[in-house]
Amino acid sequence: MSKSFKQDGDFVIFESRAIRRYITTKYADYGTLGLIPPQADLQTWARFEEAAASIEQNNFDPFASGLASEKVFKPMRGGITDEMRVKELNEILHEKLEAYERILSKRKYLAGDDITLADLFHLPYGTMVAEQLGIDALTSKPNVARWWTDISSRPSWMSVKSGA
């Protein structure tokens, strides 16, 4: 996998989540306002950090990206999919999404009632898992399915998916 970096003048930042936070904050006047709550609203900001820095990064990404790696990227590079690993990752992802189900039974989005970057972090690998691989992890639990349908059908994401 190539390294993610963003250069903005003399400033260079690495790591895709940090880049997304940087761009979201820098361009808040262009439609990203609210995707990262202000730190002045400490409780809302803490919920965002909980969802963005912990929940997605530790309970979704390793398993969704692992599935993508096994089922998409390995074969593209001439490798052979490890079906036992796929089964294990799929089972773990389903288990991890039980926690999402509990969280989303109490709030509309992971960090509260407003969509944040923490929700959007799920879109690339979530789309791959749900649409390309046909894995039902994001549609088999009612609150997760509601949330997933909401975030994955946003016009902005549909534009990104279509290559706009």
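So the sequence shown is numbered by the working numbering: it starts at 85 and just counts up by one. We treat Cβ as the ideally placed atom computed from N, Cα and C, and that holds for glycine.
Next item on the list: Would you be able to state if there are at least three C-beta pairs under 8 Å between the region 149-167 and the region 222-230?
Entry: Because the criterion of three Cβ pairs below 8 Å is not met, the region 222-230 and the region 149-167 do not touch.
Notebook entry, point to check: With distances taken between CB atoms, is the gap from L204 to I235 smaller than 8 Å?
Noted result: With contacts defined as CB atoms closer than 8 Å, L204 and I235 qualify as a contacting pair.
Notebook entry, point to check: D92 by DSSP, collapsed to three states: which one?
Noted result: Note: D92 maps to strand in three-state DSSP.
Checklist line | I97 versus D125: straight-line alpha-carbon distance, rounded | finding: Each residue's Cα considered, the two are about 26 Å apart.
Check: By a C-beta neighbour count over all protein chains shown, 10 Å radius and 16 as the cutoff for buried, is D94 buried or exposed?
Finding: D94 is classed as exposed because its beta carbon has fewer than 16 other beta carbons within 10 Å across all chains shown.
Notebook entry, point to check: Can you tell me whether N174 is buried or exposed, with buried defined as 16 or more other CB within 10 angstroms of its CB?
Noted result: N174 should be labelled buried.
Next item on the list: Grab the span of the alpha helix (DSSP H) containing I120 for me, first residue to last.
Entry: It is not in any alpha helix (DSSP H) - I120 carries neither H nor E in the DSSP assignment.
Margin query: R169 and E154 - do their beta-carbons sit closer together than 8 Å?
Written below: Yes, they are a contact pair.
Margin query: Assuming M168 is part of the alpha helix (DSSP H), what are its boundary residues?
Written below: First-last of the alpha helix (DSSP H) with M168: 167-188.
Next item on the list: Return the chain-ordered list of same chain residues with a C-beta closer than 8 Å to the C-beta of S246, the five sequence neighbours on each side being excluded.
Entry: Excluding residues up to 5 positions away in sequence, nothing lies with its Cβ nearer than 8 Å to the Cβ of S246 in the same chain.
Notebook entry, point to check: What residue range is occupied by the uninterrupted alpha helix (DSSP H) comprising G150?
Noted result: Taken as a continuous stretch (DSSP letters only), the alpha helix (DSSP H) holding G150 covers 145-152.
Item checked: Euclidean distance between Cα positions of R238 and Q91 -> Cα to Cα, R238 sits roughly 28 Å from Q91.
Item checked: Alpha-carbon spacing of Q123 relative to P146, whole angstroms -> Their backbone Cα atoms lie some 28 Å apart in a straight line.
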